[in-house]
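Mapping of the sequence shown onto this note's numbering: position 69 corresponds to residue 66, and the numbering continues sequentially without gaps.
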Amino acid sequence: MTATAPPAAGAGRAAGPPAWLVGPDPTLVRPPRRELVHWLLRLATAGAYIGHGAYGAVMAKAGWYPVLAQLGLDRAAADAHALLRWSGGFEMLLGLLALVWPVRALLPFLFVWRLGSEFVWYPLAGLPAWEFVERWANYTAPLALLLVRGWPRSGRDWLR
-2 MTATAPPAAG AGRAAGPPAW LVGPDPTLVR PPRRELVHWL LRLATAGAYI GHGAYGAVMA
58 KAGWYPVLAQ LGLDRAAADA HALLRWSGGF EMLLGLLALV WPVRALLPFL FVWRLGSEFV
118 WYPLAGLPAW EFVERWANYT APLALLLVRG WPRSGRDWLR
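Written out as structure tokens, the structure is:
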């Protein structure tokens, strides 16, 4: 009888989400509920982006002007270039994409975009950190959607 060596660390395992994020079982949602959770997360992500974008594109929310001033853009310059309308429209487009075509590559981008925009907003506008915490679901919904859709196993999977 010959002894066999234990498999090397990570051998035989397909690439997946980081273990610290999902634990030992990357199948977070079992098939009977996966479609329901998938659609709920698509709606949550789309709603967050479309709603947030509407504050700029449709309402031109005045609260953005002090933040833009901290970045060196006065109200006249922001209005002259329709900055709020363009950035809000872009966010609404991202929300629409999350709803109708949520490719895996889009979802980490949505996370980084939202996290970045919140980090610009709160420290520069002087709002309390709880505002950042209050919007936590806006950043994590795209990540949850990525995990429910399944972590990509190849470069091509990022576009599915």
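Just so it is clear, CB atoms sit at the ideal spot from N, CA and C, and this is done for glycine as well.
Exposed or buried, what is residue i when buried is set at 16 or more other beta-carbons lying within 10 Å of its beta-carbon?
i, result
"Val64", "buried"
"Tyr46", "buried"
"Ser84", "buried"
"Thr(-1)", "Low confidence applies here, because Thr(-1) scores a pLDDT of 48, under 50, leaving its location unreliable; read the following figure in that light. By the neighbour-count rule (16 or more Cβ atoms within 10 Å), Thr(-1) is not buried but exposed."
"Met56", "exposed"
"Arg157", "exposed"
"Leu91", "buried"
"Pro125", "exposed"
"Gly53", "buried"
"Pro28", "exposed"
"Glu131", "exposed"
"Glu115", "buried"
"Ala75", "buried"
Give the range of the alpha helix (DSSP H) segment to which residue i is assigned.
i, result
"Met89", "80 to 97"
"Leu156", "First-last for Leu156: undefined, no H or E at that position."
"Pro28", "28 to 54"
"Pro125", "No alpha helix (DSSP H) contains Pro125, which DSSP labels as neither H nor E."
"Trp148", "Per DSSP, Trp148 belongs to no alpha helix (DSSP H) and is neither H nor E."
"Asp71", "No alpha helix (DSSP H) holds Asp71; DSSP gives it neither H nor E."
Between residue i and residue j, is the Cβ-Cβ spacing less than 8 Å?
i, j, result
"Tyr119", "Phe108", "no"
"Leu104", "Leu143", "yes"
"Gly50", "Met89", "yes"
"Asp93", "Ala59", "First, the residue type needs correcting, since residue 93 is Leu and not Asp in the sequence shown. For Leu93 and Ala59, no; Cβs fall outside 8 Å."
"Leu81", "Trp110", "no"
"Trp36", "Arg101", "no"
"Val117", "Val34", "no"
Contact check, residue i vs residue j under 8 Å by CB: the rounded distance?
i, j, result
"Ala138", "Leu38", "6 Å"
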